Amino acid sequence: MGVFTFVCKNNGGEWTAKQHEGDLEASASSTYDLQRKLVQAALSADSSGGVQSSFSLVCPKSAVCQVIIGGGSGGGFAAGGGAAAGGGGGGGEAAAAAKEEEKKKEESEEEEGDFGFDLFG
Numbered sequence: 008m009g010v011f012t013f014v015c016k017n018n019g020g021e022w023t024a025k026q027h028e029g030d031l032e033a034s035a036s037s038t039y040d041l042q043r044k045l046v047q048a049a050l051s052a053d054s055s056g057g058v059q060s061s062f063s064l065v066c067p068k069s070a071v072c073q074v075i076i077g078g079g080s081g082g083g084f085a086a087g088g089g090a091a092a093g094g095g096g097g098g099g100e101a102a103a104a105a106k107e108e109e110k111k112k113e114e115s116e117e118e119e120g121d122f123g124f125d126l127f128g
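Going from the sequence shown to this note's numbering is simple: count from 1 and add 7.
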């Protein structure tokens, strides 16, 4: 699994990026093109699995881009339309467990408050 973090800056309409701890670099005229180039640069260094990337503006002229390659349970670009569903691994199970616990809590609250009469009836 490879994690690549890039510091991105906009100088005169041209976006440039340098890897935080490494030698990878890229430049482009838009953030979209820059992110695509950074993903390709990261893939040239490590092509061990699926790819996730994020691009976050810190202020109008600077940003952070992170590319994660490999790691975890499937997902990534290889899964096509199912990438969002397959990428979480245990996330779905945790959500289902939380929902089940909430349902049990609601049921117990109903049992506690039911004294056999209706306040509004």
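For glycine and all other residues, C-beta sits at the position ideal for the given N, C-alpha and C.
Just so we're clear, the structure is a prediction, and the values are computed from it rather than from any experiment.
Boundaries (first-last residue) of the beta strand (DSSP E) holding S63 | V58 to C66
Three CB pairs or more closer than 8 Å across the region 68-77 and the region 48-55 = yes
To the nearest angstrom, how far is it from the Cα of L45 to the Cα of G19?
-> 20 Å
May I have the straight-line CA-CA distance separating G96 from C15, to the nearest angstrom?
-> With a pLDDT of only 48 at G96, under 50, the local geometry of the prediction cannot be trusted, and the value read off the model is given with reservation. Between G96 and C15, the C-alpha separation is close to 31 Å.
Going along the chain, which unbroken runs of the beta strand (DSSP E) with 3 or more residues stay wholly within the region 9-64?
-> 9-18, 21-26 and 32-35
Whose CA, out of F127, L64 and C72, lies closest to the CA of A49?
-> C72
Spatially closest choice to Q59 from P67, A70 and Q47, by CA coordinates = Q47
Burial state of F13, where buried means 16 or more other Cβ atoms lie within 10 Å | buried
Can you grab the Cα-Cα spacing for the pair W22 / E32, in whole Å?
-> 11 Å
Through-space distance from T38 to K68, alpha-carbon basis | 11 Å
Give me the Cα-Cα distance between G88 and R43, rounded to the nearest whole angstrom.
-> A caution first: G88 carries a pLDDT of 38, below 50, which makes its placement in the model too unreliable to give a value.
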